[in-house]
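**Q** Quick one: this structure, given as structure tokens, is what I'll be asking you about.
Residue numbers (the numbering used here): 197 to 603.
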């Protein structure tokens, strides 16, 4: 069934029964309508039908394929690459149903048939033609064109580095890893991710040979390794404790959503609420767990409100019901209100979890944290130990620097 939804632009909702609020609210949001005040859209449903997208390129660029809610129409063209990635072998794809969040990832290769380098004034071009039937019954055509200069100096990678979009690159790597995991072993996909990251660091980082301590990444690449670290530990590549239905659901949403939502799936956001100040983002790390604070975790699929041990004890004693502790009551309500705002704007509707430190449902938070503190830590600082044998982000980066700088 997952293939049917993927190739036709359909939606998958994960829940235990049709009577659950997650299913009923998600089903209702499928038929959302635009506000009446929006010109040309007012009152119509936020969806399109019979979508189709065609890609044109300059002669030096070949299309390897697309990954997302689409199906290849197998239409050969001069700009189609021999090596296929995802749905390939064509420059036209059928998308079926569309909604405002539908996103496709296209993969290209540079194929300069000329023996000499491209001239400095040579420009590259990409054009995407998307056509679909609007919910009003009218057909629409949208054309998006992108052009720019080629980078022609092989000895100067500064221009390429400054144009690197690490957020988009992380999502493209995630989609490609999920696609490869359908036909390859999990260990092979993880090794491919590691080798790709090492090659990237070796090519674009600044360092002295065989000196890991000299390894430096520019701001354009600084958080890309962190994304890859969390991708390796995510439910997209670690299938343990996930049923086939759950795994299919997670992957189908990843390959359809935009960059912002996909990054939340890869590296969830974590916000801390305490008496020390206003809510603020904190590191997705075991050191961020404190007994006197509340954490709000957004994984896109789950929204978790996590109460520290001390906060949970205060709540159990009913301090929030006493007038002299009105600030504590506000502290308890703040993450719940923010969680509701997240769920109101999301499709499919995420599962809402309220849990306390050291309780069973706290696993939804602890499984996502960087295990900087484990049961093997000799001098654990503030935070909570994570019982895992996974390496921490610090160890992961140390291995990356060591392998990237070696001769």
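We treat Cβ as the ideally placed atom computed from N, Cα and C, and that holds for glycine.
As a quick exercise: from 347, 440 and 333, pick the residue whose alpha carbon is nearest that of residue 306.
**A** Answer by Cα proximity: 347.
**Q** Where does residue 156 sit, in a helix, a strand or coil, going by DSSP?
**A** As displayed, the chain neither begins before 197 nor continues past 603, which places residue 156 out of reach and without an answer.
**Q** Using 10 angstroms around the beta-carbon of residue 541, count the other beta-carbons present and answer buried if the total reaches 16, otherwise exposed.
**A** exposed
**Q** Per DSSP, residue 476 is paired with what?
**A** 468
**Q** Report yes if the CB atom of residue 449 is closer than 9 Å to the CB atom of residue 544, and no otherwise.
**A** It is a contact, given that the beta carbons lie within the stated cut-off.
**Q** Give me, in chain order, the residues of the same chain whose beta-carbon lies closer than 6 Å to that of residue 425; leave out the 5 immediate sequence neighbours on both sides.
**A** 589 and 592
**Q** Excluding sequence positions up to five away, which residues of its chain have a Cβ less than 7 Å from the Cβ of residue 368?
**A** 301
**Q** Which residue's Cα is closest to the Cα of residue 399: 230, 329 and 597?
**A** 597
**Q** What residue from 564, 548 and 583 has the CA that sits closest to residue 216's CA?
**A** Comparing Cα-Cα distances from residue 216 to each of 564, 548 and 583, the minimum goes to 548.
**Q** With a 10 Å radius around its C-beta and 16 neighbouring C-beta atoms as the bar for buried, classify residue 197 as buried or exposed.
**A** exposed
**Q** Count the other CB atoms within 10 Å of the CB of residue 422; is the residue buried (16 or more) or exposed (fewer)?
**A** That one is buried.
**Q** Would residue 397 pass as a contact of residue 481 if the rule is Cβ separation under 9 Å?
**A** no
**Q** If I follow the unbroken beta strand (DSSP E) through residue 293, where does it start and stop?
**A** 288 to 294
**Q** Applying the criterion that 16 or more other CB atoms from any shown protein chain within 10 Å of the CB defines a buried residue, is residue 200 buried or exposed?
**A** Counting the other Cβ atoms within 10 Å of the Cβ of residue 200 gives fewer than 16, which makes it exposed.
**Q** Hey, which unbroken runs of the beta strand (DSSP E) at 3 residues or more fall wholly within the stretch 546 to 598?
**A** 547 to 552
**Q** Report the rounded CA-to-CA distance for residue 283 versus residue 205, giving the unit in angstroms.
**A** 14 Å
**Q** In the structure shown, what three-state DSSP assignment does residue 212 receive?
**A** coil
**Q** Going by DSSP, name the residue or residues bridged to residue 425.
**A** None, per the DSSP bridge assignment.
**Q** Let me know the beta strand (DSSP E) ranges lying completely inside the stretch 316 to 355, each 3 residues or longer, listed in chain order.
**A** 319 to 330 and 335 to 345
**Q** Just reading off the beta strand (DSSP E) that residue 452 is part of, what are its end residues?
**A** In the DSSP assignment, residue 452 falls outside any beta strand (DSSP E) and carries neither an H nor an E.
**Q** For residue 478, which residues of its own chain have a beta-carbon under 8 Å away from its beta-carbon, when the five flanking residues on both sides are left out?
**A** 466, 467, 468, 484 and 491
**Q** Would you list the one or two residues that DSSP bridges to residue 491?
**A** 468 and 502
**Q** Tell me, which residues are paired with residue 203 by DSSP?
**A** DSSP, once it has assigned bridges, lists no residue as partnering residue 203.
**Q** Determine the closest residue to residue 537 out of 496, 521 and 569, with distance taken between C-alpha atoms.
**A** 496
**Q** Can you find the residues in the same chain that come closer than 8 Å, C-beta to C-beta, to residue 534, ignoring five residues on each side of it along the sequence?
**A** Taken in chain order, the residues that qualify are 467, 475 and 492.
**Q** From residue 394 to residue 595, what distance separates their C-alpha atoms?
**A** 9 Å
**Q** In the structure shown, what three-state DSSP assignment does residue 532 receive?
**A** For residue 532, the secondary structure class from DSSP, reduced to helix, strand or coil, is helix.
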